[in-house]
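Please read the structure below before turning to the comments.
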Amino acid sequence: MRPDGDCIGAQTALTAVLEALGKEVWIINPDPIQPQLDFLAQETTFRVYEGGALPVHDVSVMLDFCELERTGPLKAPLVASSSKKLVIDHHLFHGQPWWDAAYVDARAAATGLLVHRIARELGVELSTRAAQGIYTSIVTDTGWFKYSNTDAETFRVASELVARGVEPARMFGSIYQRNSREQPLGVARALSRLRYAADGRIAMIDLPQAGAGEVDLPDGDDVLDLLRAVGRVEVVLFLRELKDGKVKLSARSKSEFDVNRLARGFGGGGHAKASGATLAGPLDGVRERLLAAAEAQLGELESEAR
Ligand SMILES: [Mn+2]
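Mapping to this note's numbering: the sequence shown position 89 is 1204, numbers consecutive.
Structure, rendered in structure tokens:
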């Protein structure tokens, strides 16, 4: 559900690798890809699941997630299919394995890097399309080489991809410089909801659905970056009310604060420094419960440090 740049990039790259090996590949997501990633769809077909049985297939590969629930409406047909289930992912997983095989490395900066390792092991040379996919995975999951997951492998692989024809400035333009003229107004509306807690160490935004004349903000990345830039802020909590009344949480950490643990307490998860969850509304109730949990966890962290 709601596949991000790493997920779509890894799908693009793995498809190119498998097709180079003569395999027939279908990419099926429950949701359409975000418009800023449409350049990847020029040479790769992304299908949106519209119900019914899946095409007959031998293996289904789940990329960039390991919670079966994240397949949304695809869960039932996937479970009903006798295909082998393979997971390739870099998220922390705490449940019971439900797959036939998994390649999981929670230290990898992006799932696209795992696809890169697989291609290398298989001896498949990366096409420009595959290289663009992996580059998209890397830059979107590392915040363009800024976050703490950025490591030597990230730069080594990025360097190789550029040598293979990826143009960083073009990729940046495609992914980050095609916002609508209304988008800054959506950011402004979100920022008008900013409040600080825990002596300024928690920054929180709770964004209701856009009303008449208001501008929606489809993702919180720009706002999350602005709040993380505040010197004193350690934890950023961005709550956005979805059309179905549920509330989407994006949580980010700049310190030892483990937002994966926080998000797990609300049925979500992810990484220690970047996590998310989808919660039942209403927004007001979620905000107070979340803030209380974040403050309590921050207090625990402090008493540990003492
Ligand atoms: Mn990822």
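Beta carbons: idealized from backbone N, C-alpha and C, even for Gly.
Between which two residues does the beta strand (DSSP E) harbouring residue i extend?
i, result
"V1230", "No beta strand (DSSP E) contains V1230, which is instead part of the alpha helix (DSSP H) from T1226 to L1237."
"V1176", "V1174 to L1178"
"F1353", "V1350 to E1356"
"R1304", "Unbroken run through R1304 is the alpha helix (DSSP H), Q1298 to L1306; no beta strand (DSSP E)."
"A1312", "L1309 to A1312"
"L1322", "I1317 to L1322"
For the alpha helix (DSSP H) containing residue i, list its first residue and its last residue.
i, result
"T1255", "T1243 to D1256"
"G1400", "L1398 to A1420"
"R1376", "V1374 to R1379"
"D1337", "D1336 to R1343"
"A1191", "K1190 to A1195"
"G1124", "G1120 to A1135"
"R1271", "A1267 to A1278"
Could you tell me which of the options sits nearest to residue i, measuring between CA atoms?
i, options, result
"A1395", "R1367, E1356 and E1410", "E1356"
"G1380", "Q1412, R1367 and D1121", "Q1412"
"K1261", "A1131, K1369, A1325 and G1120", "K1369"
"K1361", "A1389, V1338 and P1323", "P1323"
"L1133", "G1382, E1240 and L1300", "E1240"
"D1220", "E1268, A1325 and N1144", "E1268"
"G1326", "G1301, D1314, A1344 and M1319", "G1301"
"L1352", "I1320, V1345 and L1398", "I1320"
"T1159", "P1333, Y1250 and A1245", "A1245"
"I1123", "V1338, V1176, V1374 and G1288", "V1176"
"L1433", "I1148, D1359, Y1311 and K1363", "Nothing in the structure corresponds to residue 1433, since the chain is present only between 1116 and 1421."
Helix, strand or coil, according to DSSP, for residue i in the structure here?
i, result
"N1144", "strand"
"M1286", "helix"
"D1204", "strand"
"G1450", "Any property of residue 1450 remains undetermined from this structure, which presents the chain solely from 1116 to 1421."
"R1162", "strand"
"V1330", "coil"
"G1187", "helix"
"S1370", "coil"
"A1223", "coil"
"A1156", "helix"
"Y1262", "coil"
Counting only the same chain and skipping the five closest in sequence on each side, list residues whose C-beta sits under 7 Å from that of residue i.
i, result
"P1192", "A1168 and L1169"
"R1117", "D1146"
"D1057", "Nothing in the structure corresponds to residue 1057, since the chain is present only between 1116 and 1421."
Take residue i and list the residues in its own chain whose beta-carbon comes closer than 6 Å to its own, dropping the five residues that flank it on each side.
i, result
"C1181", "V1202, D1204, H1206 and F1208"
"A1389", "R1367"
"S1295", "none"
"G1166", "none"
For residue i, which residues in the same chain have their Cβ closer than 8 Å to its Cβ, ignoring the five residues on either side in sequence?
i, result
"R1235", "none"
"M1286", "Q1247, Y1250, T1251 and V1254"
>> Using a strict less-than 6 Å threshold between each residue's beta carbon and the heavy atoms of ligand 1, what residues do you get?
In response: D1121, D1179, H1205, A1225, T1226 and D1256
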